[in-house]
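Per our numbering, the very first residue in the sequence shown carries number -6; after that it's consecutive.
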Amino acid sequence: MAFLHLFLQGLETAPACLVSVERTEGSVPRERGAWMAVFDRQVVGTIGGGHVEFQAIAEARRRLGGAGGPQVLRHALGPSLGQCCGGVMHLRFEGVGAEDRDALARRLAPRRAPVALFGGGHVGQALARVLAPLPFQITWIDSRDGIFPQDVPQDVACEHSDPVEAAVPGLAPGARVLIMSFSHAEDLDVVAA
């Protein structure tokens, strides 16, 4: 998130060329979606370092200077680049400015994996505190009214559900589910739902 903040802040005063990994083949240093922002005098983020990043920075600065070219360039990561990965990276070059900040903030924000935490007791409270700073979208669920503490971490959504298993159909697709309610019967009801 720090890279994204620096990038968006930099766009307030200068345009940049956003270089992102569009597609990969074989062994590569970064995954699809990795990005770096190249300004005239600064680079924010990384697409994996090495010679391919050096070439991408040079190409981005060339484009900042007004040169054109295809939006996506293919880079084979072999001996000719002094890289041993052996894979291929397809890099997208995109000129961006201050007017793009909001769209970029939404597009580049780290994805938060959904987690459903069933149980508001002492174990659930400890887990909520441990998981809150991690890249998870946490929904904390319990059947007991008033069980959640006053100091719930900011990014944790609390949900009272009685019966507790009624919350299961509304979980985000692909949610990771942690079950540690006060009752084995409730645990089984959540699993069965």
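Just so you know, even glycine gets a beta-carbon here, dropped at the ideal spot from N, CA and C. The structure presented is a predicted model; accordingly, all values stated were derived computationally and were not measured.
TODO: Taking Ala186 and Glu152 to be in contact with their CB atoms under 8 Å, please state how far apart those CB atoms are, rounded to whole angstroms.
DONE: Sequence index remark: in the sequence shown, residue 186 carries index 193 (1-based). Sequence index remark: in the sequence shown, residue 152 carries index 159 (1-based). 14 Å between Cβ atoms; not a contact.
- [ ] Compute the Euclidean distance between the alpha carbons of Leu1 and Ala150, then round it to the nearest angstrom.
- [x] To locate residue 1, count along the sequence shown from 1; it is residue 8. To locate residue 150, count along the sequence shown from 1; it is residue 157. Distance between the alpha carbons of Leu1 and Ala150 is about 28 Å.
Task: Buried versus exposed, by CB contacts within 10 Å (16 or more), Phe141 - done: On the sequence shown, position 148 is the one that residue 141 refers to. That one is buried.
Task: Alpha carbon of Pro166 to alpha carbon of Phe32, nearest angstrom - done: Start at 1 with the first residue of the sequence shown, and residue 166 comes out as number 173. Start at 1 with the first residue of the sequence shown, and residue 32 comes out as number 39. About 38 Å.
- [ ] Please report the Cβ distance between Leu11 and Ala49, rounded to the nearest whole angstrom; I am assuming they are in contact, meaning their Cβ atoms lie under 8 Å.
- [x] Working through the sequence shown from its first residue, we reach residue 11 at position 18. Working through the sequence shown from its first residue, we reach residue 49 at position 56. Between Ala49 and Leu11 the Cβ distance is about 11 Å, and since that is not below 8 Å, they are no contact.
TODO: Kindly indicate which three-state DSSP category Asp135 falls into: helix, strand or coil?
DONE: Sequence index remark: in the sequence shown, residue 135 carries index 142 (1-based). DSSP places Asp135 in strand when its eight states are reduced to three.
Open item on the list: In whole angstroms, give me the CA-to-CA distance for Glu87 and Ala121.
Closed with: To locate residue 87, count along the sequence shown from 1; it is residue 94. To locate residue 121, count along the sequence shown from 1; it is residue 128. Distance between the alpha carbons of Glu87 and Ala121 is about 39 Å.
Open item on the list: Please state the DSSP three-state secondary structure of Leu164.
Closed with: Residue numbering aside, residue 164 sits at position 171 when the sequence shown is read from its first letter. Residue state, collapsed to three classes: coil.
TODO: Since I believe Ala30 is in contact with Val37 (beta carbons under 8 Å), could you give me their beta-carbon distance rounded to a whole number of angstroms?
DONE: In the sequence shown, residue 37 corresponds to position 44, counting from 1. In the sequence shown, residue 30 corresponds to position 37, counting from 1. Confirmed, about 4 Å.
Open item on the list: Can you tell me which residues form a DSSP beta bridge with His44?
Closed with: The residue labelled residue 44 in the question sits at position 51 within the sequence shown. Partner(s): none; His44 has no beta bridge.
Open item on the list: Under DSSP, the beta strand (DSSP E) around Glu5 begins and ends at which residues?
Closed with: The count along the sequence shown starts at 1 and reaches residue 5 at position 12. Element bounds for Glu5: n/a, residue is neither H nor E.
- [ ] Compute the distance between the beta-carbons of Phe129 and Arg105, then report whether it is under 7 Å.
- [x] Taking the first residue of the sequence shown as position 1, residue 129 is located at position 136. Taking the first residue of the sequence shown as position 1, residue 105 is located at position 112. Going by beta carbons, Phe129 and Arg105 fall inside the 7 Å limit.
Open item on the list: Let me check understanding here. Comparing Cα to Cα, which of Pro162, Gly59, Ser20, Ala7 lies closest to Gly79?
Closed with: As a position in the sequence shown, residue 79 is number 86, starting the count at 1. Of the listed residues, the one whose Cα sits closest to Gly79 is Ser20.
Open item on the list: Let's see if you can read the secondary structure: which residues bound the beta strand (DSSP E) around Leu171?
Closed with: Taking the first residue of the sequence shown as 1, we reach residue 171 at position 178. Here the beta strand (DSSP E) through Leu171 covers 169 to 172.
Task: DSSP beta-bridge partners of Phe129 - done: Mapped onto the sequence shown, residue 129 falls at position 136. Note: Phe129 sits in a beta bridge opposite Ala106.
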